Structures are given as structure tokens and as C-alpha cells.
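Protein chains in written order, with the numbering used here: chain A, 842 to 1687; chain B, 683 to 1023. The beta carbon of each residue, even a glycine, is placed where N, CA and C say it ideally should be. Given the structure is predicted, the values throughout are model-derived calculations rather than measurements. Note sheet for the following structure.
If you want it as C-alpha cells, here you go:
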């Protein structure tokens, strides 16, 4: 919302204050100024330098000796003698030959930088002494465009007759436009006067209120039965008040310069005096107004005066709005209708048919009040946001309708020659109740933590037009009708606090005892996982939770079968795009996509993510706070690219694969005290390479899957043709398992006695898993075999078809003595017996 | 004649020793001359064949020769070792500017690092981390926070809806209700971090997914001054000792009174620059005293309890700190970016 400071100054004096200080005070009180746009002042596009751009008076006009379209203007700019200026201003032609003139203009000396009025667009130019068609000219009289005030160059600008001569123009016409960002549904802050009221309270200065008193100046009287219109509110639930003011015999013309300037500075386009006045009063007081061309309003059958009926639309009823669009309404939208049908969408936009035009003579001025929720819904449904709907949608004071109608009628009389009918139609079926709050002034201290003197509190509330009755405690505080946001004593505390100034508050810490202390083990566990994985050389990523549903179906299912998901997907009703329309049920697509995008720049990707997945398991039950959505955490790791980067010595450039990832998984389990407690079984996740996919469980709970992506899935995610190892595990299961293992059980005794190392190669059938051979060794040699490390796998003629040789490095160690050769031989015998029994293994060498 | 042979052998041994240039050659010299079957030892055995009167002189001489050769051997061995060492060192020199073997070092995401900093600061002030759902009930995200349906305040958040009841939380504030309902009648001091979602086009300055950290304190005597003090402390610890803060009035439906807190612009120090839109200030939190309706909805009687709440951004402070211009870098996961933190 843009408001020129000069307009605020109509109601409260601020011109002695530095603009930045004023802004600071406004910001502090919660009236956020997003930006300040200077006009003529330093910082503006066109700065009106005080010694070069002045007010002046054209005292005489003479013809130009060599050009018909130019004239020579004698301009008194406050210097010793008037300056002769060559100008093409069309409006000066009529004064040729006169020397009794008093035309106030804007005058610029050479050296001033202004916009070029004769060039399209905004081109700056510095005035230089010159000769125009043979006549020297050292200065100029300025147009609005040259001063940066308007886009069109038509004529020079004329200042009001009372303007003094020879003063810097910036003092007369300069301004600052404050662009406010007012948060919240505050109808009372949607106007110049509303802001001025706040400024007066903040600065503790008087507020000039004459603008509100036009009704008594015009001696207007409300009536339910005005002679000039049949007035009726059929749906008072949506229309608390409707006023209709009659202004006859207006002359449609452009509005005066000052009004046009203020409208422009507030961001609106001047149209004609009547429309401009309705807009002007809306900006000034915050009440949207609508002017109907009285002659076009139709009576009801059998009546002679026109009718205005406020009613809900009939389903499917249509009307063309002012913007030329044909609109269709539903039964909840409120219309203004006349005897013949709809003439306006209440509070949103007028109809094309009853618009004020050049030949309009009589005006029926609507100033009404509508249900703010209904206006919001209508504007949203019609996708029609207007200045009017924006204001009504933030709650406008119904009392304001009367005040604003009178103010507009008065301006129509002054500026358009209208005659105001003293009887004003006023239907007011829903007058707001007076609200009086019981306010203990100590509440401010309790909530704010700072003692603000009762006198100061009363001053602030009074300045904001609350009626403060201090005879007893609690105080009785009457809430003005325009403060529909204030309904509780604490709302008054906010008024007191923000005007008194938060910058004056002490800065304290909570004095009370701490609440019962709790640890958040879920978060601690999650952060621990992150630390472990980073320690293993992985980069953490955080992906979008919103994904393309096809990632979970087409792409992860590219090998022909869909993965199992734990529940129904959470899908958006209003997604930004199909690619972001569903909450993820797996981290895999995010990992694949992150790998894909990074492979454009990097050859080796080693990443992990710990984050939530989301799926529906039951319908929501709002009253119980139950969403019906599960949001467990998952951990995913992805590896792809060469094992090592290039270096100046040979490095391992083989692709990262299943076993690299398994190494990471084992290290993770080791750090969590779970290594050796997990079970690896062949997995059948459809997104994985069927021969390189493991399902992992620990302590009887499934953890998830680890393997290489299926080549077709890889292709579906546009990943290059080489192994992509991924795992996705259940964080909750992993952390629970880690919690379950008692710390003492994780610890292995470290023996001080010397170990014996020996190697053992065993030949087994090809389909015997290595892990079973290892288990048999450990079992056979329990508890003295402390390690059985597989270090070689051999297949070939020496072991025979369908066989493989597994070589283990064994360590024998006793916690209580040094083992000797005899002990070792005994152990070996037991081990060989056990492996033979369990796996059919034959010893190849030892 | 025996003496002549001894002296000849002595000279020969010395010459042979001078020719030994490696530890191996030294060792064979030692065996050949000084060992049990060595030439000098053989001469010693000949002492028996000498006339009795010559034996002492010969014996003395042979001991002198042996001692001299031992000494010469030690000296030569030291020389050879020194030469070998010198050669080893000479051969072992490398270009010390060659790069070291690269390790694959992992990195925490910038968001995680920022969140941890925030957790650590609030933990010191007694705030516990509490997590609440991301897919949330509209009833919790809006209604219970004093934002009824069609209320104009709903315009403050562009919402992703799932159905009539469910949405993606637009802020971490619904967690306030959840923690209050769970903890009543204990006093509360929690922060609620997590992802929030807004229906916003993804640009350099706006994301549809970002993180927030909500704070909530409920107690018997909690005041606005406590809120301002707590956020001032946070700002000082998070942004640095000398940061200035200011407090402005603001509006949020679930706090009354509502404020926003700013810190002087990190980039321009308060002089005004494009980042702070020439105000010299950067907003760091929206906050306020918990609205009585919200306290009530959480189960706390507003006549007996009061509380404050605040909402902090997570990406924006990190962006300011590092001068990151594009928020998309966070969840676009460009590793070239993330590996720098």
C-alpha cells in the first residue's frame, strides 16, 4: 500500500521529522515500511535541486519571432528581472501578447537534470543554455513528464495560485511515498487516515479529524425510504449496511492536479473527477465506494424511481463486470441489483452497464458494508482481486460508510459542481455491538514484563481512539467500531506495547525453574548416524520430500515389478507441478536424481541422506490430532563411480560396487555395536540387480535392502551404464537394535597373551555361502578362534568343477594363557571337523 | 721369515679392506681375514711352530696386527654405512610439492550444520528439541492456532493441501499445540525444528520446501521481555558478539502481542545494501506472546499461564553468513556447493 507522506500530513504534522526517523518509528510500531520512494528529493530518479528547480510565475507571453508554435514567456522566478523562456506549451498560446498574467509554474534553470519531454521513454538530460529558433533560452517551464511526475507530456504543469514564487519546487511538490506492508486483516490500517491516526499516537501529536465531519457540514440526514431510490437489503447476513447518496448535476471532467498526483503516487490511474473521488476517498478513509450513473438504474415493474436491491445471486446468473469480462455467479455471491438485474458484484467490482461516463449527470453513490468472509470467497472464486475486495476482505468498519459517503459527496460538490441531496438512503440492519473490555492495567506488566505507567497506557489507548474509563480497576475500555480486531484485554496490551516502543523493553531471560529435562534420543541417534556416515567419507544430501509419483512407480519399477510400499502415498490436491506432487515413500529416487545431476560435474559420488518418508495408513481424525500418516525415518546411501580418484600414482579406478557399500554398512554396524549380529539374506527388491541385492536384518528386525540398482532402473533414472550401489534402511529399527544391545555385551576381551596365526584353505561346493564356512570355523574353534578372515577365493582346475576354495586367515588366542603348537593342532582338528560337518568342506592347505 | 709373512699378510688385509665397499664385502673380508678360518687366525696357529724364544715377540706382533685390523675394519664399516646412508637419502628425495594421496572426506549438509548450531544455543538456555509431523491436519496448522477457515490470515501462507483435512505444514507452529497437549501441566521450553512447505515457485529467492525452527516457552510468569532477551542472546551467540538487534511490532494470528526481531545487516553492517533492501536490518525471527486462544487450545489456562513463541529461518541465516545468493543450492544438492562446508 503506497501512501504519499504529504497526504498523511493533511491529518498529522510530520514535516519537521526526518523521513528515516519517521520510518523507524512506524516500523517499530508494527507498520512496516517496505520502501520509501522520494519524489523530487535526493534519492529520486529526478532530483529537483533546490537552487535550480523553483516555483515561478509567468507574467507575460509574447509571440516567438520565428516560430508560430513557440512563445516567449516572461517568467518571474524570484530573481531581479524576469527571465525570458522559449516554450512550446500549447496552453500558453492563448495568452500571446498579454502582460498581466499570474500563472504559477515549475521553472528549471540550466544545469538541472530532468527527463527529456520530447523523447519516448525515460531519458535524462541536463539543461544547457541554448538558442531555440534564434532566441536564446537559459531555462524552461516544466511539464509533469520532465519532472518525473507522469508518463505523458501534454502541457506544462500549473501550480495552485497561492503558491509562493521563487521557492524550491521540492518544498511545494516534493514528496515521499511510503510503501507499507501491513500484515494481518486490519481494515483500519488500509487508509491514509488510518495510518495518520497511528502516526499521531506514535508521535503523541494531535490528529486533524475534519475530514470525517462532512456529513454535518452538508447537513445530511439518513432515511430508510429515500425519495430517489427504492432501497432494499434482501440478505442482511451478508450486508450489514447500505447507504445511497444522491449527487445531481455533476460535470464529468478531469480531477484537479493535486488529486491526480495523489492517486498516481498511491498507484492508481486518474480517470475522471467522479471515479477519482471514489478512489480518493477509498484511499483516504478505507471505505470502498461505487458511483452509479443514476440515469441507467432501472425501476422495479410498476415503480417510477429506480431500485437497488442487495441480494444473493441466483445460481448461474451472469453479468459483465467493468473489466469487460462476463462473470457467472453462484448462489453464495452477493450482488447489487436494480429493477432489471445485476449491476455490481457487491464489494468487488461494478458492472459495465451502470458505469459513470462522460455524459453522466446524476450520481448514485454507494457506500456499504459487506461480510468480509463472503467478499473474500467471492473474490477468490471469481479470481477477481480489486482494491475494493482487498479492503472489504480485511473488515471495514460499518460506521465508515456514512462518513466516507459524505466526504465523497462533499468533494463531488466542490470539484464536479454536484448538488448533494440531503436525504441519504441508509439501511443498517446489522449495527455492530459496542464492545467494552475490562482491562486491568497490570496485565501489561504481566504479559510484557515491563511496568508502563497507567497514565501512559491511558494516553496511548486514547490516542488510538479507545474510550478509557479509569474510575475503577479494572478499567472499562470502549473499543472503537473500526477496531474489530480488538476483542480481548491482551489485544490492548499489544497496542500499549507497540506504541510505547519495544526498543525500550528490558532484555531478560526466563526467571522460572527449568521444566523437567528430557533427552531426545531419536534425534541424538539420527545425528549419530550422520556423524558416522560422514566419518566414512560420505557427503550428506537433503532432498525434496515432494517427488514425481512416476519415480516410485515407472522408474523404480522399470524392471517389471513395483516395489512394496508400506502405505498409500500422500498426494497433493494442488501441486506446483506433477514432478512435485507426492510425498516420498522411499529415499531412493532422491538419491538417484542427486547422483544423476552431480554426475554432470563429478565422476565419483558417495552420498547419504537421513530423512522422513510419508505414507497414509488410516483416515485422519482431526479432533484427536491423528493424521493417519506415518512419517518414519530412513537412511539411504549411494555409491557410484571409480573407487578412487585419479592421482599421480596408480589408483584403484575400478567402479564402486556392492562390496564397497557393504563395507560401509558393516562399518556403520560396527560403530553401533551391531556388527556380527546382522543377517544377510538374498533380497528380491525389484529395483535392484537380482544377483546383487541383500536383505539385511538385525536382532530379528528387518533393516532394509542393500545392493546395486537394476540396470533398467538405472536407465530409467538416466544414470550411466555402470554399477550404482544403494542401500535404504529403517532408521528406527537400526537405532532400536543399537539401544537393545547392552553396552557390556558389545565389548570383547582384549587378551594380553600372544596369538597364533595360521591360514586354512577349504574347498566347498560353489553354492555354499562363505558366511556359513566362516560361522562353522568360529563355532568349531570356539572360543579360542578370535578371527577368521576370508582373504582369497579360488576357482579352477586344481579344485575341480563346481567347487571353490576359500582361504581364511585364522587367529587363535586364549584370554588366560599363551597357546602352544599342541593347542593349535587340537583346535585345527576341531575346526576341520566342524566345517566338514556343516558345509562338506575339504581341507586344501593349511 | 714368519715375521715377513705376517707383515705381508697385514698389508694384504689392509688393501683388501680398502677395496670392500658394501656391507656384504666387509662381511666376507671379515670372514676371510679375521674369522675362525681366516688368514690372520691361521698365522696365530703357526705360533706353535716357532722357536720358543721367538714366540713372545711374534705373539705380541700378531696381537698388534689383529687390533689394528679390527680398528681399521670398524672405521671402514662406518665409512661404508655413511656412504650407503648418503646414497639412500639422495635417492629417496621427492618433489615435496607433489599432491598427497587424496582421501574421500565426508561433509554434513549446510542445513544440518546450521540446525546443530541452533540446537546447541537453545540447549544452553534449557530448550529441548521436539519434533512434530510434516503432513499435518489443517485443524492444527490453522484452526487451533486461531486461524479459522477463510480467515484473511490464511493468505499469509500458500498451502499445499492433501485433502480437506490434511496439508503439508506451512510452518512449525502446529507443533506448539502438539507439545502443549502432550506436556500439560508441565512448564514447557522446546524448539521444534523441521521441514515446512509453501506453495511457491522455486526461484533463487524462494523454495517450496525449507526448514524452520519454532520455539515455545510456557510458564507462570513468562513475558515479552523474556522473549526479547532470549532472542537477543540467540542472535548474539549465533551471529556474533557485536550484533545489534531491534524489535518491531508485527502481526501473527497465534501471538498477541506479535513482534519481529531484526539484526543489523551482516553484509553492510547497517549502512544499507541490496540484501537488506537498504534498511540496514535483516529479519531473523517472527515471534510473540502465545495468544490466549492458542494457550487454551493447548490446555493451558491463559489466566494462569503465559508463554512466548518464535519462528526462525534456517537457510536464510546460512545464506547471509556465507553470502549464498541462491536458495536452490540447498536442496538441489550440488555437491560442489555442499562439499565446501
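Looking only at B:1009, B:918, B:761, the smallest Cα-Cα distance to residue 888 (chain B) is reached by B:1009. With respect to chain A, the C-beta atom of residue 697 (chain B) has no partner C-beta closer than 8 Å.
When the five nearest sequence neighbours on each side are left out, the beta carbons in the same chain lying within less than 6 Å of the beta carbon of residue 1609 (chain A) are those of 1680, in order along the chain. An exposed status is given to residue 1173 (chain A), since fewer than 16 other beta-carbon atoms sit within 10 Å of its beta-carbon. If you check the CB distance, residue 1569 (chain A) and residue 1427 (chain A) come in under 8 Å.
Looking at the DSSP output, residue 1474 (chain A) sits in a beta bridge with A:1453. Only residues of its own chain outside the window of five on either side were considered, and among them 949 have a CB closer than 8 Å to the CB of residue 1005 (chain B), listed in chain order. Separation of the CB atoms of residue 1544 (chain A) and residue 1370 (chain A) is rounded to 12 Å, and the pair is thereby denied contact status at 8 Å. Taken through DSSP and simplified to helix, strand or coil, residue 1677 (chain A) comes out as helix. The Cβ atoms of residue 1478 (chain A) and residue 1518 (chain A) do not sit closer than 8 Å to each other. With respect to residue 1450 (chain A), residue 1393 (chain A) sits apart: the two C-beta atoms are not nearer than 8 Å.
At a cut-off of 8 Å between beta carbons, residue 843 (chain B) contacts chain A.
Out of A:1100, A:1500, A:1413, A:869, the CA that lies nearest to the CA of residue 1117 (chain A) is found in A:1100.
Taking CB atoms only, residue 999 (chain B) has no neighbour in chain A less than 8 Å away.
Taking all protein chains shown into account, residue 1110 (chain A) has fewer than 16 neighbouring C-beta atoms within 10 Å of its C-beta and is therefore exposed. Of all C-beta pairs linking the segment 1401-1420 of chain A to the segment 1350-1360 of chain A, fewer than three are shorter than 8 Å, placing the two stretches out of contact.
Listed as beta-bridge partners of residue 1016 (chain A) by DSSP are A:880. Residues of chain A with a Cβ closer than 9 Å to the Cβ of residue 778 (chain B) do not exist; the shortest Cβ-Cβ separation is about 13 Å. In this structure, residue 945 (chain B) lies away from residue 961 (chain B), with their beta-carbon atoms at least 8 Å apart. According to DSSP, residue pairing for residue 1603 (chain A) in a beta bridge involves A:1647, A:1684.
By the rule that beta-carbons nearer than 8 Å mark a contact, residue 919 (chain B) does not touch chain A. In the structure shown, residue 989 (chain B) falls within a strand segment according to DSSP collapsed to helix, strand and coil.
Chain A has no Cβ within less than 8 Å of the Cβ of residue 764 (chain B). For residue 1057 (chain A), no CB of chain B lies under 8 Å from its own CB, so it is not counted at the interface with that chain. No residue range can be given for residue 1015 (chain B), since it is assigned to no alpha helix (DSSP H) and is classified by DSSP as neither H nor E. When the five nearest sequence neighbours on each side are left out, the beta carbons in the same chain lying within less than 6 Å of the beta carbon of residue 800 (chain B) are those of 895, in order along the chain. Taking a 10 Å sphere around the C-beta of residue 987 (chain B), we find 16 or more other C-beta atoms and assign the residue as buried. Taking 9 Å as the cut-off between beta carbons, the residues of the segment 1279-1301 of chain A near chain B are 1286, 1287, 1288, 1289, 1290, 1291, in sequence order.
Residue environment analysis places residue 856 (chain A) among the exposed positions, since fewer than 16 neighbouring C-beta atoms fall within 10 angstroms of its C-beta.
The closest CA to that of residue 1671 (chain A), considering only A:1626, A:1640, A:1659, A:1646, is found on A:1626. Under the three-state reduction of DSSP output, residue 1251 (chain A) falls in the helix class.
In the three-state reduction of the DSSP assignment, residue 692 (chain B) falls in the helix class. For residue 873 (chain A), the beta-bridge partners assigned by DSSP are A:1022.
Listed along the chain, the chain B residues whose CB falls inside 7 Å of the CB of residue 1277 (chain A) amount to none; the nearest CB is some 18 Å away. If you check the CB distance, residue 1192 (chain A) and residue 1223 (chain A) do not come in under 8 Å. Taking a contact as a CB-CB distance under 8 Å, the pair residue 879 (chain B) and residue 852 (chain B) counts as one, their CB atoms being some 7 Å apart.
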